[in-house]
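Those protein sequence lines, which keep their order, are chains A and B. For the first sequence, my numbering gives the first residue as 182, with consecutive numbering after it. For the second sequence, my numbering gives the first residue as 18, with consecutive numbering after it. Presented below is the structure to which this report refers.
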Amino acid sequence: STVVLVFQAPISKSVELGNSSSEFEFSIKRGDRIRVGEALGRWHD
Amino acid sequence: TSFFKKLQTTTRARTSFNGGTGPSRGDSFLVPGATAATLLMLGVLHARRLYDDKKVEEAREKGIEFEFQPDVKASFLRLLPLRSISRCWGFLTGVELPVWLRPYAYRAWARAFHSNLEEAALPLDEYASLRHFFVRSLKEGSRPIDSDPRCLVSPVDGTILRFGELKGAGAMIEQVKGFSYSVSSLLGASSCLPMIAQGDMQEEVSEQESTVKEKSKKSWWSISLASPKVWDPVSARPMKGLFYCVIYLKPGDYHRIHSPADWSILVRRHFSGRLFPVNERAARTIKNLYVENERVVLEGLWQEGFMAMAAVGATNIGSIELSIEPELQTNRPRKKLLPSEPPEERLYEPEGVGMMLKKGDEVAAFNMG
Chain A
182 STVVLVFQAP
192 ISKSVELGNS
202 SSEFEFSIKR
212 GDRIRVGEAL
222 GRWHD
Chain B
18 TSFFKKLQTT
28 TRARTSFNGG
38 TGPSRGDSFL
48 VPGATAATLL
58 MLGVLHARRL
68 YDDKKVEEAR
78 EKGIEFEFQP
88 DVKASFLRLL
98 PLRSISRCWG
108 FLTGVELPVW
118 LRPYAYRAWA
128 RAFHSNLEEA
138 ALPLDEYASL
148 RHFFVRSLKE
158 GSRPIDSDPR
168 CLVSPVDGTI
178 LRFGELKGAG
188 AMIEQVKGFS
198 YSVSSLLGAS
208 SCLPMIAQGD
218 MQEEVSEQES
228 TVKEKSKKSW
238 WSISLASPKV
248 WDPVSARPMK
258 GLFYCVIYLK
268 PGDYHRIHSP
278 ADWSILVRRH
288 FSGRLFPVNE
298 RAARTIKNLY
308 VENERVVLEG
318 LWQEGFMAMA
328 AVGATNIGSI
338 ELSIEPELQT
348 NRPRKKLLPS
358 EPPEERLYEP
368 EGVGMMLKKG
378 DEVAAFNMG
């Protein structure tokens, strides 16, 4: 079984202007084992 | 060993009851012989699976990415009555086991699929069947929820297959290298996925600014989805800041789904599709795997905007049970031959507010069969 999560997350002004950096950052890597409640990603004010 | 000893004692007793005649003596070897052959076959299959997993793991570590390659086995799968097989599997695993056998059976399962039995909420002999054991809940505190308000947590135990930002026309998620599927096909054509027409790119920034201002006036959950945007998935592009994450649950994983954030679920869609396996090999060989399989999509809003979660079933884990809507039944016998039926949709009450869930709340569970 598989779960797919699709969500909007904050992006910085620089992204709006065309730069590639994003305010939301995933804290995972492909192939990582993850458990319920562990962070998938974070963003900063 | 004790199981075999018991089996031998039973067969010996039967032989002596029949008077120890020739034919009954011969028959007595059939049961242990068949059992041993089955166990041997299961062992070989498991060893092969471990070997394949190891190979995939090694390839991933080396940075080798598997490409999409349809094969004969995948085509053959389309001919099989996978839904009936899944339901039959569910029936078999739902058979109540004798109390003495339960710990052995569940320990064997845990050993084969690397489950942690110490986390199970109940003693092993209290799980009446493998199906019951499979969807076991965990001891209090086994899964601490990250309390950082600026983080999104994993809704399940599993392996990260893909993640990233949705960009470009159609908002596509890569299944494997060389094949992608669109998010709108996964979530449903009536989804409120935040997309913009390509011609409106210039207006996007000012539009987003005004949306943010508007949002700050209202509380985030009170934004109604009563008038969804009409868009063309081919020419439309996702609004900036739309992300995705695909997590695969192995048979030994904890199979309950929790809320990844505080959010309000407004709509539930049930796609009664096929039930292909969803393992790594299937993802490499079956096109549109996640779009064709039976799934339940929950869609709503969280503090940062749109959020949707799709729970995709598989042959062995075919039914999805929602704790927020226990009456929903999935993996039902099909009435129509065509797999492309429109999804069954339900709007949660009250309209525009929906069902509020806290980060870490239990949302659903995957059941065997």
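Think of the CB as a built atom: it goes at the ideal place given N, C-alpha and C, for glycine as much as any other residue.
query	result
Residues that Q189/A bridges to, as DSSP identifies them	L259/B
Residue-chain proximity (Y261/B, chain A), Cβ-Cβ < 9 Å	yes
Min CB distance G258/B to chain A below 9 Å	yes
Own chain residues within Cβ distance below 6 Å of I303/B, not counting five before or after	A91, F293
With 16 other Cβ atoms within 10 Å as the buried cut-off, status of L139/B	exposed
Residues in the stretch 157-177 of chain B having any Cβ partner in chain A nearer than 7 Å	R160, P161, I162, D163, D165, R167, C168, L169, V170, S171, P172, V173, D174, G175, T176, I177
Segment limits, beta strand (DSSP E) that includes G107/B	That residue, G107/B, is in no beta strand (DSSP E); its alpha helix (DSSP H) goes 99-110.
Straight-line Cα distance separating F196/B from E366/B	38 Å
Collapsed DSSP secondary structure at W126/B in the structure displayed	helix
Beta carbon of F323/B nearer than 9 Å to that of F188/A	yes
Own chain partners of N384/B with C-beta closer than 6 Å, once the 5 adjacent residues on each side are dropped	V152, S336, E338
Partner residues on chain B for E219/A, Cβ-Cβ distance less than 8 Å	D163, V170, S171
Unbroken beta strand (DSSP E) run spanning S339/B, endpoints	It should be pointed out that residue 339/B corresponds to Leu in this sequence rather than to Ser. 336-339 is the extent of the beta strand (DSSP E) around L339/B.
Inter-residue spacing [alpha-carbon to alpha-carbon] between L118/B and R148/B	15 Å
Chain A within 9 Å of P319/B, Cβ atoms only	With the sequence shown as reference, residue 319/B is identified as Trp, and Pro is not the correct amino acid for it. Closer than 9 Å: yes.
Residue-chain proximity (E74/B, chain A), Cβ-Cβ < 9 Å	yes
Three or more C-beta pairs below 8 Å linking the stretch 265-276 of chain B and the stretch 198-209 of chain B	no
Segment contact, 8 Å Cβ cut-off, at least three pairs: the stretch 159-179 of chain B with the stretch 215-224 of chain A	yes
Buried versus exposed, by CB contacts within 10 Å (16 or more), M58/B	exposed
Proximity to W319/B [Cα-Cα], best of Y265/B, L374/B, S154/B, R291/B	L374/B
T176/B, enclosing beta strand (DSSP E) - first and last residue	175-182
Reduced DSSP category for R273/B - H, G, I as helix; E, B as strand; rest coil	strand
Beta-carbon contacts of P277/B that lie in its chain and below 8 Å, excluding the five residues immediately before and after	L169, V170, S171, P172, M324, M326, K376
Boundaries (first-last residue) of the alpha helix (DSSP H) holding R298/B	297-302
Inter-stretch contact (C-beta, 8 Å, three-pair minimum) for the stretch 279-299 of chain B and the stretch 212-220 of chain A	no
Sequence-distant residues of its chain with Cβ nearer than 6 Å to Y265/B (five each side left out)	G175, T176, L178
C-beta neighbour in chain C for A253/B, strict 9 Å	No chain C appears in this structure, whose protein chains are A and B.
Best match in F180/B, S208/B, K194/B, G107/B for proximity to P359/B [C-alpha to C-alpha]	S208/B
According to DSSP, residues forming a beta bridge with N310/B	R291/B
Which residues DSSP lists as bridging A397/B, in chain order	In the structure displayed, chain B extends from 18 to 386; residue 397/B sits before or after that span and is not available.
CB contact check: F383/B to chain A, cutoff 9 Å	yes
Of the residues R104/B, F150/B, A253/B, the one placed nearest A125/B, counting alpha carbons only	F150/B
V380/B to H275/B span [Cα, whole Å]	5 Å
Minimum Cβ-Cβ distance from H272/B to chain A less than 9 Å	yes
Three-state class that DSSP yields for M372/B in the structure shown	strand
Listed by chain order, chain A residues near F323/B by CB distance under 8 Å	V187, F188, Q189
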